[in-house]
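In UniProt numbering, the protein residues as written are 1 to 408. For glycine and all other residues, C-beta sits at the position ideal for the given N, C-alpha and C. Shown next, in structure tokens, is the structure this report addresses.
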Ligand SMILES: *Cc1c(COP(=O)(O)O)cnc(C)c1O
């Protein structure tokens with residue numbers, strides 16, 4: 001009988017392997033930035049030579065910020081665009097401005113018409129489609145002070161800047177990106193900190209923007225020090241896309257400063273495996289080594305990552321650089337972003353395709369934001385088939401149905 005068991009098990013292990021064979025067959029065709037390093041290096045050289053700059057400039061985040069590309073003419077040269085596309089970019093850019101760090105620009109593959117990096121960063125005429133709202137989250141009406149949004153009993157966000165290393169074309173806060181780069185005034189930040197100090201129910205403070213790491217180390221340290229003086233503030237979270245769009249921002253000075261104010265958590269925003277490069281990996285590892293746990297908040301975007309294998313590869317590669325996939329957000333219906341919208345079925349299928357087929361650590365929560373700022377709401381594939389008083393019926397990740405006794 002023992003021998004038979006072994007044979008049965010062997011079949012079972014074959015079946016398990018088969019359950020992910022489809023993914024194993026394609027995963028190498030979805031390249032990370034590390035796997036496509038040669039192309040990225042080539043673009044980097046081209047950009048550096050355009051600016052007459054060198055390696056030291058590239059590694060300097062101030063140089064990266066100062067030289068964000070915000071002109072269609074320069075994009076035309078660096079991405080070999082035709083005249084018509086350059087004109088469209090210029091026209092759309094007047095309505096929704098754009099700015100792309102030289103680093104993030106180097107990730108674009110000019111020969112790929114569907115490049116997921118280009119889709120996230122370069123203006124498209126599709127942004128002129130008149131669908132959606134400018135402020136679907138109604139943030140304007142959930143602000144106890146000018147730069148705070150509070151929707152939950154024990155936590156809130158402070159928006160400290162409207163600057164980013166790159167303005168995402170799907171940005172939910174397009175209305176705040178405006179004409180010019182501005183940080184919140186020190187008075188507004190002081191008011192926000194004062195509100196936190198006055199409200200002992202606030203135990204979790206999120207510093208975001210824009211991109212919170214666009215503040216100088218000095219201002220950021222002043223905010224962190226002030227928050228740490230408030231006894232009821234337990235954790236501080238920083239929202240930043242810098243590890244993805246401007247990894248040079250993660251310096252030794254920055255991480256040495258952050259680690260004085262623990263517990264600090266950082267949530268970043270990778271949307272595609274191509275964004276995992278040796279530079280973004282280094283940035284994440286420096287933060288982790290300084291004791292900052294990293295989470296990822298992906299936005300599900302048509303034409304960028306609305307595919308189960310892309311998301312599986314992204315999440316597995318993120319775990320390799322010690323970033324835990326935290327949320328997948330259903331795209332908000334922000335005006336000028338309708339070409340990124342996906343159906344809720346697509347999102348549910350992606351989540352369902354992850355469960356069982358990859359580490360539980362690689363399965364984030366899929367979230368839809370209720371309109372009018374009514375809060376983050378999880379969406380789950382349905383594993384619960386029947387709820388009886390004494391018995392509950394489920395299906396597992398492989399579709400097998402099972403029954404569990406309920407209660408005593
Ligand atoms: C997203 C968000 C938070 C944080 O939500 P968590 O589910 O705790 O990560 C807090 N406040 C506001 C206003 C938010 O939009």
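- Not one heavy atom of ligand 1 sits closer than 7 Å to the Cβ of residue 95.
- Taking the C-beta atoms as reference points, residue 331 is found no nearer than 8 Å to residue 354.
- The C-alpha of residue 398 lies about 41 Å from the C-alpha of residue 174.
- In the DSSP assignment, the residues bridged to residue 206 are 157, 237.
- Across the structure, residue 86 and residue 21 are spaced so that their CA atoms are roughly 42 Å apart.
- Just measuring C-alpha positions, the residue of 404, 140, 376, 405 sitting nearest residue 152 is 376.
- In this structure, DSSP gives residue 24 a helical state, which the three-state scheme calls helix.
- Taking C-alpha positions only, residue 76 is separated from residue 60 by approximately 25 Å.
- Excluding five sequence positions before and after residue 72, the CB atoms of its chain that fall closer than 6 Å to its own CB belong to 86, 89, 90, given in chain order.
- Residue 141 sits in a helix when the DSSP states are folded into three classes.
- Judged by DSSP secondary structure, residue 384 falls outside any alpha helix (DSSP H) and instead within the beta strand (DSSP E) spanning 384-387.
- Residue side-chain check: residue 156 places its Cβ nearer than 7 Å to a non-hydrogen atom of ligand 1.
- Using a cutoff of 7 Å, the CB of residue 150 counts as near ligand 1, since one of the ligand's heavy atoms is closer than that.
- Taking all protein chains shown into account, residue 106 has 16 or more neighbouring C-beta atoms within 10 Å of its C-beta and is therefore buried.
- With a cut-off of 7 Å, the C-beta of residue 206 is classified as near ligand 1, since at least one heavy atom of the ligand falls inside that distance.
- In the same chain as residue 333, and ignoring 5 residues on each side of it, the C-beta atoms closer than 6 Å to its own belong to 132, 136, in chain order.
- Between ligand 1 and residue 391, a heavy atom-to-CB distance of less than 7 Å is absent.
- For residue 44 and residue 103, the gap between their C-alpha atoms comes out near 7 Å.
- Counting C-beta atoms within 10 angstroms of its own C-beta, residue 159 has 16 or more neighbours from the protein chains shown and is therefore classed as buried.
- Between residue 27 and the set 315, 310, 14, 400, the nearest pair of CA atoms involves 310.
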